[in-house]
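J.: What follows is a single structure, and I will ask about it in a moment.
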Amino acid sequence: MATIWLEPPRRGVVARGRVASIQDVRAIEQTPYLDLLPSWSILGMIEHTSAVNPAKSAIVVADRHEPTRIKQRLTYAELAYLVRGIASSLREVSGTANPVVSILTPLLPESFIALWAGATAGIANPINPFLRIEHVASIMNAAGTTVLICGVAADGAGAWNEVGRLRAMVPTLREVWHVDHSSCLESFRQLADAGSRGEPGIEQSPDPHRTTALLHTGGTTAVPKLVRLTERGQLLNAWCSGTWNGSGAEEIVAVGMPYFHVGGAVILSGAALLFGQTIVLVGPEGYRNPHLVARFWDFVQAHGVTQAGCAPTTAAAIATNNPARRAPAGFGIWAGGGAVPVQVAREFAAKFGVPLREGWGMTELQGALIINPNGVEPRLGSIGLPFPYHRALCVPLGSRTVSLDTTPGTLGVLAISGPCVTPG
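Quick note: the sequence shown uses this note's numbering, first residue 14, plus one each step.
Rendered as structure tokens:
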């Protein structure tokens, strides 16, 4: 057990591990997963880090025009205060209805505060702001939205410019909060102040399987469908993701994947939050900002980033638009959300001296499930090692039975089981 635990499971601490083989995965499974964390609530984990290290940077925001500069910094103490206060305000304005907060913003600290506060007060419902307005309204109606948190016209094109139509199309909507990233969280601080005065008693729900988030599937080829994420499922997936990518408190995690995708919401930001790491938001446009992509390594070096994750197309763009240079020592990066072309992985490693590790997951698993772990040379074309407490089997095409003895090279589909499989 000494080989896998950086911080062994014990009461009141976050267990920290590392994985290099399937034997390590099985060794982790000897510990009941409920023993891995001191709290199984999102707010509880934020407040755990705040109590241990209140002045530590929780979220750092890079300047959208000069990505090597810091525009804003938020400590864990400030984050804990904001999440608790915003959760109270969400309950107050939702009246007798269960608070459901839909989020339509650029990539801002408010996006994640709303995500975690919404999950604390009731249900968070992050939405891709570039979907058709009819699809956005159908998602909000299916979720039963009571509060909408959205961007402003200065953010450019996006569903935040259609708030008037959304008010008419979503009858459960009670309140709209606009966030302007030029105000540096000022409106959220005012809402948190009001919430802290009005209702201080935000506590962990006694139901560990409570749905705390509704994330939609892609919606690019059909009407998006909502998937129920539980608080416990998200935290367990975040723990596993962080264990595969780096679980040390000193890690600095770049987040450029969207908050409405499990990559940004759970695998990156959720894991960083759980392990008390620092999140660096790449800017309001995420990796859609070509200036950031073209200066990716300057950004990494300036902020001391040790971890990053992105879509395969982003990794390919980084490889195309940056000159060859060595990645900083200790830096790790994964790609997911689609198959990573082997040639892209080879070119990335050859050009920057760091492997591009592939991983696999889906919204219906609350995040990732199989990743090539950091610190281990990845097998190109493979999605890696499965998370503990789960099983993944290949079912041959056309087969009506599941066999434990499927031979390598078999063409089939994955059959998945485990606690991160979402309800329904």
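Quick reminder that beta carbons are idealized off the backbone N, C-alpha and C, glycines included.
Just so it is clear, the structure is predicted and the values come from calculations on it, not from any experiment.
For the alpha helix (DSSP H) containing Ser-254, list its first residue and its last residue.
T.: Element bounds for Ser-254: 244–258.
J.: Using the Cα positions of Asp-37 and Phe-400, report the straight-line distance between them to the nearest angstrom.
T.: Going from the Cα of Asp-37 to the Cα of Phe-400 covers about 10 Å.
J.: Does DSSP classify Val-65 as helix, strand or coil?
T.: Helix, per DSSP.
J.: Of the residues Leu-204, Arg-187 and Asn-138, which one's Cα is nearest the Cα of Gly-108?
T.: Checking every option, the nearest Cα to that of Gly-108 belongs to Arg-187.
J.: Should the segment 92–102 be called in touch with the segment 139–149, which here means at least 3 C-beta pairs below 8 Å?
T.: Segments in contact, no.
J.: Determine the direct distance from the alpha carbon of Val-408 to that of Asp-220, and round the result to whole angstroms.
T.: Answer to the nearest angstrom: the Cα atoms are 34 Å apart.
J.: For a test of the three-state rule: what should DSSP assign to Gly-108, helix, strand or coil?
T.: Reduced to three states, the DSSP call for Gly-108 is coil.
J.: Please state the DSSP three-state secondary structure of Arg-359.
T.: Correct three-state label for Arg-359: helix.
J.: Measuring CA to CA, which of Arg-392, Gly-57, Pro-368 and Arg-24 is closest to Ala-130?
T.: Nearest option by C-alpha distance: Gly-57.
J.: Between the alpha carbons of Pro-213 and Glu-60, how many angstroms are there, rounded?
T.: Residue placement at Pro-213 is poorly supported in this model, since its pLDDT is 48, which falls under 50; the coordinates still yield a value, given next. Cα to Cα, the separation comes out at about 14 Å.
J.: What is the DSSP secondary structure of Asn-302, reduced to helix, strand or coil?
T.: Reduced to three states, the DSSP call for Asn-302 is coil.
J.: With a CB to CB cut of under 6 Å and the five nearest residues on each side skipped, what residues in its chain are close to His-222?
T.: Contacts found: Thr-243.
J.: Taking the C-alpha atoms as reference points, what is the distance between Ser-52 and Gly-397?
T.: Straight-line Cα distance between these residues: approximately 29 Å.
J.: Within the same chain, show all residues whose beta-carbon is closer than 7 Å to that of Gly-255, passing over the 5 residues directly before and after it, in chain order.
T.: Cβ within range, chain order: Ala-284, Leu-287 and Phe-288.
J.: If you measure between the beta carbons of Phe-361 and Ala-381, is that distance less than 8 Å?
T.: No, these two residues do not count as a Cβ contact at 8 Å.
J.: Classify Gln-356: buried if its beta carbon has 16 or more other beta carbons within 10 angstroms, exposed otherwise.
T.: Exposed, because fewer than 16 other Cβ atoms sit within 10 Å of the Cβ of Gln-356.
J.: Let me know the secondary structure DSSP gives Arg-392 once reduced to three states.
T.: Here Arg-392 sits in coil by DSSP.
J.: What are the uninterrupted segments assigned as beta strand (DSSP E) that are 3 or more residues long and contained completely in the segment 33–77, given in chain order?
T.: Taking only runs of at least 3 residues, the beta strand (DSSP E) segments lying wholly in the segment 33–77 are 70–75.
J.: Round the Cβ separation of Gly-269 and Cys-323 to the nearest angstrom and send it over; I've been treating them as touching at under 8 Å.
T.: Indeed they touch by this definition, with Cβ atoms about 6 Å apart.
J.: Reducing DSSP to helix, strand and coil, say where Ala-428 ends up.
T.: Of the three classes helix, strand and coil, the one that applies to Ala-428 here is strand, per DSSP.
J.: Apply the 10 Å Cβ neighbour rule to Thr-81 and answer buried if 16 or more other Cβ atoms are within range, or exposed otherwise.
T.: Classification of Thr-81: exposed, given that the 10 Å Cβ count is below 16.
J.: If you follow the alpha helix (DSSP H) that Arg-180 is part of, which residue opens it and which one closes it?
T.: That run of the alpha helix (DSSP H) goes 176–182.
J.: Are the beta-carbon atoms belonging to Pro-391 and Pro-421 less than 8 Å from one another?
T.: No; because the gap between Cβ atoms is not below 8 Å, this pair is not in contact.
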